[in-house]
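So the number in the numbering used here is just where the residue sits in the sequence shown, counting from 1, plus 12.
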Amino acid sequence: MRRWRAVTAGLTTLALGAGLAIGGATSASAEPAGNWGTFTLSGASKAYTGTMTLAGFPATTFTSNSRQSTVISGASTWQSAGTPSGQVYGTSRGQTYMNQRPQADRPNGDSASTTTYTFDGATPGAQSWSFVLGDIDADQATISATVAGGGAATGEQLGFESSYNSCSAAPAAGGWSCTPDPDGTTGQDKPTWDAATRTLTGNAAASDTAGASAWFTPTVSLTSLTITYQQRSGFPVYQTWFANRTAAISGTATLDGAAIPGATVTVTAPRGTVYTTTTDADGKYVFPQLPVIANYRVEITPPAGADGPEQPQRVSLAVAATPGGADGTADFAFTSPDDRTSVIGSVTDEDDHPAANVPVVIDVPGGDPIETTTNSDGVYTVSDLPADTAVEVSVADEPPVTVTTGDVGAAPVEPDPIVAPPAVIATVTGVVSLDGTPVPAGVVVELLDESGAVVGSDTTDADGRYTFATVAGTYTVRTVVPAAGATGDTANTGITAVAGSSVTSDLPFETPAAPVVVTTDQPGTVVDTNGDPVAGVDVVATPTDPEAGPPVTVATDDDGAFDLVDLQPTTEYTITVDVDGATPVTVVTPEDGAATPLAFVVEAEVTPAPSPSPSAPSTSPTAVPTVPAAGGSGNGPAAGTGHVGNGGPLAYTGADLKPGLIAAGVLVLLGAALLTYRAVRNRRRSHLQD
Numbered sequence: 013m014r015r016w017r018a019v020t021a022g023l024t025t026l027a028l029g030a031g032l033a034i035g036g037a038t039s040a041s042a043e044p045a046g047n048w049g050t051f052t053l054s055g056a057s058k059a060y061t062g063t064m065t066l067a068g069f070p071a072t073t074f075t076s077n078s079r080q081s082t083v084i085s086g087a088s089t090w091q092s093a094g095t096p097s098g099q100v101y102g103t104s105r106g107q108t109y110m111n112q113r114p115q116a117d118r119p120n121g122d123s124a125s126t127t128t129y130t131f132d133g134a135t136p137g138a139q140s141w142s143f144v145l146g147d148i149d150a151d152q153a154t155i156s157a158t159v160a161g162g163g164a165a166t167g168e169q170l171g172f173e174s175s176y177n178s179c180s181a182a183p184a185a186g187g188w189s190c191t192p193d194p195d196g197t198t199g200q201d202k203p204t205w206d207a208a209t210r211t212l213t214g215n216a217a218a219s220d221t222a223g224a225s226a227w228f229t230p231t232v233s234l235t236s237l238t239i240t241y242q243q244r245s246g247f248p249v250y251q252t253w254f255a256n257r258t259a260a261i262s263g264t265a266t267l268d269g270a271a272i273p274g275a276t277v278t279v280t281a282p283r284g285t286v287y288t289t290t291t292d293a294d295g296k297y298v299f300p301q302l303p304v305i306a307n308y309r310v311e312i313t314p315p316a317g318a319d320g321p322e323q324p325q326r327v328s329l330a331v332a333a334t335p336g337g338a339d340g341t342a343d344f345a346f347t348s349p350d351d352r353t354s355v356i357g358s359v360t361d362e363d364d365h366p367a368a369n370v371p372v373v374i375d376v377p378g379g380d381p382i383e384t385t386t387n388s389d390g391v392y393t394v395s396d397l398p399a400d401t402a403v404e405v406s407v408a409d410e411p412p413v414t415v416t417t418g419d420v421g422a423a424p425v426e427p428d429p430i431v432a433p434p435a436v437i438a439t440v441t442g443v444v445s446l447d448g449t450p451v452p453a454g455v456v457v458e459l460l461d462e463s464g465a466v467v468g469s470d471t472t473d474a475d476g477r478y479t480f481a482t483v484a485g486t487y488t489v490r491t492v493v494p495a496a497g498a499t500g501d502t503a504n505t506g507i508t509a510v511a512g513s514s515v516t517s518d519l520p521f522e523t524p525a526a527p528v529v530v531t532t533d534q535p536g537t538v539v540d541t542n543g544d545p546v547a548g549v550d551v552v553a554t555p556t557d558p559e560a561g562p563p564v565t566v567a568t569d570d571d572g573a574f575d576l577v578d579l580q581p582t583t584e585y586t587i588t589v590d591v592d593g594a595t596p597v598t599v600v601t602p603e604d605g606a607a608t609p610l611a612f613v614v615e616a617e618v619t620p621a622p623s624p625s626p627s628a629p630s631t632s633p634t635a636v637p638t639v640p641a642a643g644g645s646g647n648g649p650a651a652g653t654g655h656v657g658n659g660g661p662l663a664y665t666g667a668d669l670k671p672g673l674i675a676a677g678v679l680v681l682l683g684a685a686l687l688t689y690r691a692v693r694n695r696r697r698s699h700l701q702d
């Protein structure tokens, strides 16, 4: 099976927090975009947890009792733009995916692994997202899901699209380069889907191939998704991707043709998910990554006294005539009533911070006072004012400032900012950090009042600090996770801000802990046929599955001992000794700890005897016939994995000369004894004859 080890993770989108998404005013996407999920992983074998982050998708967590789970970078294996899923979502190259194994490599249900994805809110409808399972060949995956409301999804509702092959040998261009399969079917193998049992099964022969994939686009909203994965043969692994389509809603807010900066815009999805952002200095806003669904509601706080479009505006991103959906627009052009005019002003604190949520009162001669509050940029907007008239603008019961309105039909008057005195300003500040280090500049932080309305928006500076100048009250500060999978509270609630003072509310996050890598080791010894240790020879462990990791090599020490460390658990390896004639041993590593020690016996080196001096008399015994070693062929028994000293077989190479030498010695002794016996008997006979 194909298992790739390079691991990466990164933040690709804004995350959803408690059903609310924070956005910033940026340029809209040119067209709907396809997105692939980003995975993080923590825990250990059979007890993994993690996250899957996908733009415009509910926050997703998962648990798994897989014996081995790995986040893969997508640099070597991916869904190309030519695959069926890639034609909808684009290429997944460089985007992470999950590699997972069963609990054990046995073809029964008790050995299957279970991975459950839980969604923080129902998934989008309108068939705007999919999941892809890859490398289903010598294995099978049974899929179950829970629909919104708690029922079980049917096989049809899981939305099986098709089976296909993702590697480069398939017709789709731009795929990854896969290793040729022994049977010549590279790039052709596809799994089979059975909707009745909700099971995706690999090829009938359970052969280890490459690229066998299938994709699903659920037809209903889900709250959870479970994949039960089981081995059929070999040492299988499977892959999981998530993908969706997103589109943008953008627009502009104006008053009598002038931009309204800092206005809070709210988008509410049909299922109730709320997204917020604010307009920029040009009055523009954008929600760049929303699920491609219909019937969004878009709203903005109108200027006091202004006429404007009916709210909420309805926007649909799922357009039947446009495959993949289309971006939407909702402009808010407010105007003053006939024969009236408007003012766009601002309030700051003494440090020039925008003063948000500050009450502003405009006294109009001969009319009723107009009350409003500043928005996230400290801006107040007022319409329905008499033209060419001096009005009094007061902030928080402070002495008023006189502002003269403009002509009818003219752009709003923009007076100098009003500086609120320190006695009326409450400051909420803090640092957003990751692992104790301030986040980069530009992370969005929002201030919410007791009703949950966004009344302030700021971005972190180079020191990770945000600052809100506001009025006394109880607030919530929220942000987004600064890195995919980071842990920490995205919102601090119950912050009491007191006029004339400052309150600190930090938002610390931590990078998720790296998963505990479970490995095993294989100890053993190498000795020769004389029983002497063999030092300095290489022992190599090579996995049967080339994707299970690289070969591991270690040299024997002075005692002939070795220990092959960092081997994958429950994985088949071939152990070889770098000595001519040494017989390899095949082992399957345990789930954890050390494997049973191996004992290799290799033929001892033969040291030639020195040649005798020509002048010296020979003292060598009479040569005797050489007796072949036991077995006759000179080949030792097959290598084994038995315990040392327990009677189990030992790894063995070459012929053992000891039995032959012993037999020869016995024959020599027997021959000498026979000769002695005959000599004595002959003497006795001679004596009797005399």
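Just so you know, even glycine gets a beta-carbon here, dropped at the ideal spot from N, CA and C.
- Bridge pairing for Ser175: Ala226 [DSSP].
- Assigned with DSSP and collapsed to three states, Ala45 falls in strand.
- The beta carbon of Thr158 sits closer than 6 Å to the beta carbons of Thr235 and Ser236 from its chain, once the five residues preceding and following it are set aside; these are given in chain order.
- Leaving aside the five residues that flank Thr204 on each side, the residues in its chain whose CB is nearer than 6 Å to its CB run, in chain order, Thr213.
- Under the three-state reduction of DSSP output, Pro558 falls in the helix class.
- In this structure Arg105 is buried. Its beta-carbon is surrounded by 16 or more other beta-carbon atoms within 10 angstroms.
- Under DSSP, Pro520 shares a beta bridge with Ser445.
- Between Val451 and Val492 a beta carbon distance of about 10 Å is seen, past the 8 Å cut, so the two are scored as non-contacting.
- Thr50 and Ala87 have their C-alpha atoms roughly 14 Å apart.
- Annotated three-state conformation of Pro434 is helix, per DSSP.
- Pro371: member of the beta strand (DSSP E) spanning Pro371 to Asp375, first to last residue.
- By the CB criterion at 8 Å, Thr531 and Pro581 fall inside the cutoff.
- Listed in chain order, the non-local C-beta contacts of Asp540 below 6 Å within the same chain comprise Val546, Val614 and Ala616, local neighbours out to five positions each way being set aside.
- In this structure Asp151 is not in contact with Arg79, their Cβ atoms being roughly 14 Å apart against a cut-off of 8 Å.
- Distances from the alpha-carbon of Gly223 to those of Gln242, Gly199 and Tyr241 put Gly199 closest.
- Annotated three-state conformation of Gly98 is helix, per DSSP.
- Inter-residue distance for Ala484 and Pro494 is about 29 Å (C-alpha atoms, whole angstroms).
- For Lys296, the enclosing beta strand (DSSP E) starts and ends at Lys296 to Pro303.
- When the beta-carbon positions are compared, Gln112 and Thr127 come within less than 8 Å of each other.
- Rounded to whole angstroms, Val577 and Val597 show a C-alpha spacing of 17 Å.
- With contacts defined by Cβ atoms closer than 8 Å, Thr353 and Gly418 form a contacting pair.
- Look at Gly121 here: in three-state DSSP terms it is helix.
- Per the Cβ contact rule, the stretch 288 to 296 is not in contact with the stretch 319 to 326 (fewer than 3 Cβ pairs under 8 Å).
- Within the stretch 449 to 479, complete beta strand (DSSP E) segments of at least 3 residues are found at 456 to 460 and 466 to 471, given in chain order.
- Secondary structure of Gly593 (DSSP, three-state): coil.
- Taking 8 Å as the cut-off, the Cβ atoms of Pro44 and Ala259 count as close.
- In the three-state scheme derived from DSSP, where H, G and I count as helix and E and B as strand, Ala71 is classed as coil.
- Per the DSSP secondary-structure output, Thr240 pairs in a beta bridge with Thr126 and Thr154.
- The closest CA to that of Asn177, considering only Gln169, Ala208, Val144 and Ala164, is found on Val144.
- In this structure the stretch 430 to 449 lies against the stretch 513 to 527, because at least three pairs of beta carbons, one per stretch, are closer than 8 Å.
- Of the residues assessed, Asn215 falls on the buried side of the cut-off, its CB having 16 or more other CB atoms within 10 angstroms.
- Residue nearest to Thr285 within the set Val298, Asp294 and Ile305 is Ile305 (criterion: CA-CA distance).
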